[in-house]
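Peer 1: Protein chains in written order, with my numbering: chain A, 198 to 472; chain B, 44 to 398. Sending over a structure as structure tokens; questions will come in a sec.
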Amino acid sequence: MSVSTVSAPLHLDPSPSKPMTSSVSQAHVKSSNPVLMVEGLTVAFDGFRAVDNLSLQVAKDELRVIIGPNGAGKTTLLDMICGKTKPTSGRVLFKGEDLTKLAEHQIVRRGVGRKFQTPSVYEDLTVGENFEISIPKAYGIKTSLAFKRTDAVRKHIHGFAEQVFLGDVLHQKAGRLSHGQKQWLEIGMLLIQQPELLLLDEPVAGMSPREREQTGELLQRISHGRSVVVIEHDMEFVKRIAHKVTVLHQGQLLAEGSAAEVQADPRVIDVYIGH
Amino acid sequence: MQFLQKRADSVAIALLMLVLLIVFPLVLDDFRLNLMGKYLAYAFVAVGIALTWGYGGVLSLGQGIFFGMGGYMMAMFLKLEASSPELPDFMVWSSVEALPIWWLPYQSLTLTVLALLVLPALLAYVVSYAVFRKRVGGVYFAIVTLALAMMITVLSVGQQGQTGGANGITDFRTMLGWDILSAESKLIIYIAQVILLGVVMVLSSYMVHSRYGKVLVAIRDREDRVRFSGYDTAHYKAFAFTIAAIFSAIGGAFYSLQVGLIAPGVVGVVASIEMVIYAAVGGRLSIPGAVVGAIVIGFLKSYLSENFPEIWLYFLGAIFILVVVAMPNGLAGIVDRLLRRDASPRPNVAPGVAP
């Protein structure tokens, strides 16, 4: 087992544009190139640094869970990766390209999908229509006006709906789904975009134990062939799904390693209990 | 559900066309039919408002701008023909010596038609895309359009010698030598207008039931999320707004032909807001509903102002309040609810069929 915690304070690196030099982060990257490289990312709101010189890397096929107390900067980090928030400094490299210069829709087209904390689905459209408008590569007005609902398209949609346990409710208005089903629908809408990087903010919040279990299996399944970053609070769930856990605290990286390792880390325990 | 909605739309459009094309010309006298033509000119605008406001969530209080552009351009052509080879009378009164350069294209009908389709579209796209890109929407967009409408009205009233000022452009009666004021030619114009309105309704209905329309609804309800589905939402909204502007301009052109005048009062702020009322009364989520709204309110306006000349505006206000409070989806919403009660115990459609 490699050393799992960061021993050198990362914020000592003053130049955010320089490539990450911390040997700790690199120790975790398996042989392949990381899909996502966050380098010296900082964002300040009125002087308050919500994320402070943060660096991390996520590999292909990896399911990374980010944990941390409230206000640790977890959601803000995802916001900056997907373009919702522009960082004050630092870079987000996705397959070598800096995402911080791109608009949200361009980042999506590069292959990044984002699920929000509160389920965001189009309530006035049916479940099927929610999937339909999430099908990628028909973003132009012309293509979208000429879009045909062929049998192939219907099968395609049905396949993805089955994956997220919604095959039977394609004709229901999304607004009438249960909270857990909305979470699934949003995940399904991301999957049909076929992203290489999935960012999921609390995907099992408000789910029943049975739904959690199904979602856990789903997350395991979908991390094959892509990278998944999940924000989650429930340690039991984290232990079940995480390949690796990153702990954030006050916008900085506190620890990184397997679920068991970070749970045993005295500083992590201190942060959680000390608050 | 989707399939049913689409079919309901088609049936409603077909019925409406039947009434407009056959019943009205048979039942109404020349005077009333001409008034109907005037209401239908506004129906073009109302369809555009249903598209942008009802489906896209973009409320414009300045559709009179585009209606006015279409109306003025058509009137400029007709006026030039009426006064040729002299200058139009209002220019002579303001001692304008030569035809202003920007009037030159309107000596040709082809150029006029081209201009009244292209220029409003250009203005609509450029202005709205710039605003939407800055993530300005909702009430603020409504205020921007309102301000634009005011600006253009003030400008046209002030430029007496170039635009006819507060009186607008009037006193024309031929188009390419053809008398447009005779009963027969009015009927022909009416028929042409109804057919074009049919085309506009079918196109709009196609749009809202296509994937484009679904994205538009999604933008209305959760624009942020749509960006994260990979769409340039500003472009989508601006496109809907542009289409609405073209429809409005077509309506304006027919207004000039039907009524024989165009003036700032017909296209200004108050008129623009009235246009929104048409769509709201008919049902902003229904393309044929918007047309019915324009007809109903137009008719009520004529009827009430003939019978209660002093207080008719209060009636109009009351109707609008009633619609907003009691029937948020307008007349079409009521029809929809009645129909749905009929069809509510529907067997479940097999999954994967007809989404």
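For glycine and all other residues, C-beta sits at the position ideal for the given N, C-alpha and C. From a predicted model like this one, the values you see are computed outputs, not experimental measurements.
Taking only beta-carbon positions, decide if Y279(B) is within less than 8 Å of chain A.
Peer 2: Locating residue 279(B) in the second sequence gives position 236, counting from the first residue. Y279(B) counts as touching chain A.
Peer 1: CB I304(A) to CB V435(A), shorter than 8 Å?
Peer 2: Position 107 of the first sequence holds residue 304(A). Position 238 of the first sequence holds residue 435(A). Cβ atoms of I304(A) and V435(A): not closer than 8 Å.
Peer 1: Sort out for me which residues DSSP pairs T217(B) with in a bridge.
Peer 2: Translated into the one-based positions of the second sequence, residue 217(B) becomes position 174. Its beta-bridge partners are D222(B).
Peer 1: Could you give the distance in angstroms between the alpha-carbon of V302(B) and the alpha-carbon of F175(B)?
Peer 2: Looking up residue 302(B) in the second sequence gives position 259. Looking up residue 175(B) in the second sequence gives position 132. In a straight line, the C-alpha of V302(B) is about 35 Å away from that of F175(B).
Peer 1: How big is the Cα-Cα spacing for T273(A) and H252(B)?
Peer 2: Your numbering for residue 273(A) matches position 76 in the first sequence. Your numbering for residue 252(B) matches position 209 in the second sequence. Those two C-alpha atoms are separated by around 37 Å.
Peer 1: Determine the DSSP secondary structure at Q203(B), reduced to helix, strand or coil.
Peer 2: Here residue 203(B) is taken as the residue at index 160 of the second sequence, counted from 1. Helix at Q203(B).
Peer 1: For my contact list, Y319(A) and A371(A) are in at a C-beta cut-off of 8 Å; report their separation, rounded to the angstrom.
Peer 2: Taking the first sequence and counting its residues from 1, one reaches residue 319(A) at position 122. Taking the first sequence and counting its residues from 1, one reaches residue 371(A) at position 174. That belief holds up - the Cβ atoms of Y319(A) and A371(A) are roughly 6 Å apart, short of 8 Å.
Peer 1: Using a Cβ cut-off of 9 Å, which residues of the stretch 375-409 of chain A contact any Cβ in chain B, in chain order?
Peer 2: Residues passing the 9 Å Cβ filter: E383, M386, L387, Q390.
Peer 1: Just list the alpha helix (DSSP H) runs in the stretch 54-104 of chain B, keeping only unbroken ones of 4 residues or longer that don't cross its boundaries, in chain order.
Peer 2: Taking only runs of at least 4 residues, the alpha helix (DSSP H) segments lying wholly in the stretch 54-104 of chain B are 67-70, 73-92.
Peer 1: According to the Cβ coordinates, are K394(A) and L233(A) closer than 8 Å?
Peer 2: Mapped onto the first sequence, residue 394(A) falls at position 197. Mapped onto the first sequence, residue 233(A) falls at position 36. The question names Lys, but residue 394(A) is Leu in the sequence shown. Their beta carbons are under 8 Å apart, which means L394(A) touches L233(A) by this criterion.
Peer 1: Would the beta-carbon of E453(A) fall within 8 Å of that of K441(A)?
Peer 2: The residue labelled residue 453(A) in the question sits at position 256 within the first sequence. The residue labelled residue 441(A) in the question sits at position 244 within the first sequence. Yes. Within cutoff.
Peer 1: Expressed to the nearest angstrom, what Euclidean distance is found between the alpha-carbon atoms of Q369(A) and N327(A)?
Peer 2: Walking along the first sequence from the start, residue 369(A) turns up at place 172. Walking along the first sequence from the start, residue 327(A) turns up at place 130. Using only the alpha carbons, I get a separation of about 10 Å.
Peer 1: According to DSSP, is T218(A) helix, strand or coil?
Peer 2: In the first sequence, the residue the question calls residue 218(A) occupies position 21. Model confidence at T218(A) stands at a pLDDT of 38, short of 50, so the residue's coordinates are unreliable; what they give is reported in the following sentence. Here T218(A) sits in coil by DSSP.
Peer 1: Between the stretch 232-248 of chain A and chain B, which residues of the former have CB atoms less than 9 Å from a CB of the latter, in chain order?
Peer 2: Those residues of the stretch 232-248 of chain A that come within reach of chain B (Cβ to Cβ, closer than 9 Å) do not exist; the list is empty.
Peer 1: According to the Cβ coordinates, are T443(A) and R261(A) closer than 8 Å?
Peer 2: In the first sequence, residue 443(A) corresponds to position 246, counting from 1. In the first sequence, residue 261(A) corresponds to position 64, counting from 1. Yes, they are a contact pair.
Peer 1: Can you say whether Y183(B) is buried or exposed, counting buried as having 16 or more other CB atoms within 10 angstroms of its CB?
Peer 2: Reading the second sequence from its first residue, position 140 is the one you call residue 183(B). With fewer than 16 other Cβ atoms within 10 Å, it is exposed.
Peer 1: Use the C-beta contact count for M318(B): other C-beta atoms within 10 angstroms, 16 or more gives buried, fewer gives exposed.
Peer 2: As a first step, residue 318(B) must be located in the second sequence, where it is residue number 275. Answer is buried; the Cβ neighbour count reaches 16.
Peer 1: To the nearest whole angstrom, what separates the beta carbons of H376(A) and G403(A), a pair I think is in contact under 8 Å?
Peer 2: Within the first sequence, the letter at position 179 stands for residue 376(A). Within the first sequence, the letter at position 206 stands for residue 403(A). With 8 Å as the limit, H376(A) and G403(A) qualify as a contact, their Cβ atoms being about 4 Å apart.
Peer 1: Suppose you measure from the CA of V309(A) to the CA of Q390(A); what does that come to, to the nearest Å?
Peer 2: Residue numbering aside, residue 309(A) sits at position 112 when the first sequence is read from its first letter. Residue numbering aside, residue 390(A) sits at position 193 when the first sequence is read from its first letter. C-alpha separation (whole angstroms): 9 Å.
Peer 1: Can you give me, in chain order, the residues of the stretch 302-319 of chain A that have a beta carbon less than 7 Å from any beta carbon in chain B?
Peer 2: Those would be H302, V305, R306, R311, S317, Y319, in chain order.
Peer 1: So is T153(B) buried or exposed if we call it buried at 16+ other beta carbons inside 10 Å?
Peer 2: Taking the first residue of the second sequence as 1, we reach residue 153(B) at position 110. Exposed, since its Cβ has fewer than 16 Cβ neighbours within 10 Å.
Peer 1: S291(B) and F110(B): beta carbons closer than 8 Å?
Peer 2: As a first step, residue 291(B) must be located in the second sequence, where it is residue number 248. As a first step, residue 110(B) must be located in the second sequence, where it is residue number 67. Closer than 8 Å, so yes.
Peer 1: Using DSSP's beta-bridge definition, name the partner residues of D379(B).
Peer 2: Counted from its first residue, the second sequence places residue 379(B) at position 336. Looking at the DSSP assignment, D379(B) forms no beta bridge with any residue, so it has no partner.
Peer 1: I need the boundaries of the beta strand (DSSP E) containing A241(A), first residue and last residue.
Peer 2: On the first sequence, residue 241(A) is found 44 positions in, with the first residue counted as 1. A241(A) -> beta strand (DSSP E) spans 233-242.
Peer 1: Compare the C-alpha of V197(B) against each of S272(B), Q150(B), V310(B), L157(B) and name the closest.
Peer 2: Sequence index remark: in the second sequence, residue 197(B) carries index 154 (1-based). Minimum Cα distance to V197(B) is reached at V310(B).
Peer 1: Closer than 7 Å, Cβ to Cβ, to anything on chain A: give me those residues from the stretch 252-275 of chain B, in chain order.
Peer 2: Of all residues in the stretch 252-275 of chain B, S253, R254, Y255, K257, V258, V260, A261, D264, R265, R268, R270, F271, S272, G273, Y274, D275 have a Cβ within less than 7 Å of some Cβ in chain A.
Peer 1: Please identify the residue among G448(A), L296(A), R407(A) whose C-alpha is closest to the C-alpha of I278(A).
Peer 2: For this step, residue 278(A) is matched to residue 81 along the first sequence. Taking only the C-alpha atoms, the option nearest I278(A) is L296(A).
Peer 1: Is A349(A) close to chain B? Criterion is C-beta to C-beta, closer than 8 Å.
Peer 2: One-based indexing of the first sequence puts residue 349(A) at position 152. No, because no Cβ of chain B sits closer than 8 Å to the Cβ of A349(A).
Peer 1: Is it buried or exposed, V169(B), if we count other Cβ atoms within 10 angstroms and call 16 or more buried?
Peer 2: Numbered from its first residue, the second sequence carries residue 169(B) at position 126. With fewer than 16 Cβ atoms within 10 Å of its Cβ, V169(B) is classed as exposed.
Peer 1: Can a CB atom of chain B be found closer than 8 Å to the CB of A335(A)?
Peer 2: Position 138 of the first sequence, counted from the first residue, corresponds to residue 335(A). It does: the Cβ of A335(A) has a partner Cβ on chain B nearer than 8 Å.
Peer 1: Look at the alpha carbon of I92(B) and the alpha carbon of S103(B), and state the distance between them as a whole number of angstroms.
Peer 2: Counting from one through the second sequence, the residue named residue 92(B) turns up at place 49. Counting from one through the second sequence, the residue named residue 103(B) turns up at place 60. Cα-Cα distance, rounded: 8 Å.
Peer 1: Report yes or no: is there a C-beta of chain A within less than 8 Å of the C-beta of F74(B)?
Peer 2: As a first step, residue 74(B) must be located in the second sequence, where it is residue number 31. It does not: the Cβ of F74(B) has no partner Cβ on chain A nearer than 8 Å.
Peer 1: Give the interface partners of L322(A) over in chain B, defined as CB-CB distance under 7 Å, in chain order.
Peer 2: Your numbering for residue 322(A) matches position 125 in the first sequence. K257, V260, A261, listed in chain order.
Peer 1: Just checking: is the beta-carbon of M250(B) within a distance shorter than 8 Å of some beta-carbon in chain A?
Peer 2: For the purposes of this step, residue 250(B) is identified with residue 207 of the second sequence, where counting begins at 1. Cβ-Cβ to chain A under 8 Å: yes for M250(B).
Peer 1: CA-CA distance, S228(B) and L94(B)?
Peer 2: As a position in the second sequence, residue 228(B) is number 185, starting the count at 1. As a position in the second sequence, residue 94(B) is number 51, starting the count at 1. The alpha-carbon atoms of S228(B) and L94(B) are separated by roughly 31 Å.
Peer 1: Using a Cβ-Cβ cutoff of less than 7 Å, which residues in the same chain neighbour A164(B) once the five nearest sequence positions on both sides are dropped?
Peer 2: Position 121 of the second sequence, counted from the start, is the residue given in the question as residue 164(B). Excluding positions up to five away in sequence, the list reads T285, A288, I289.
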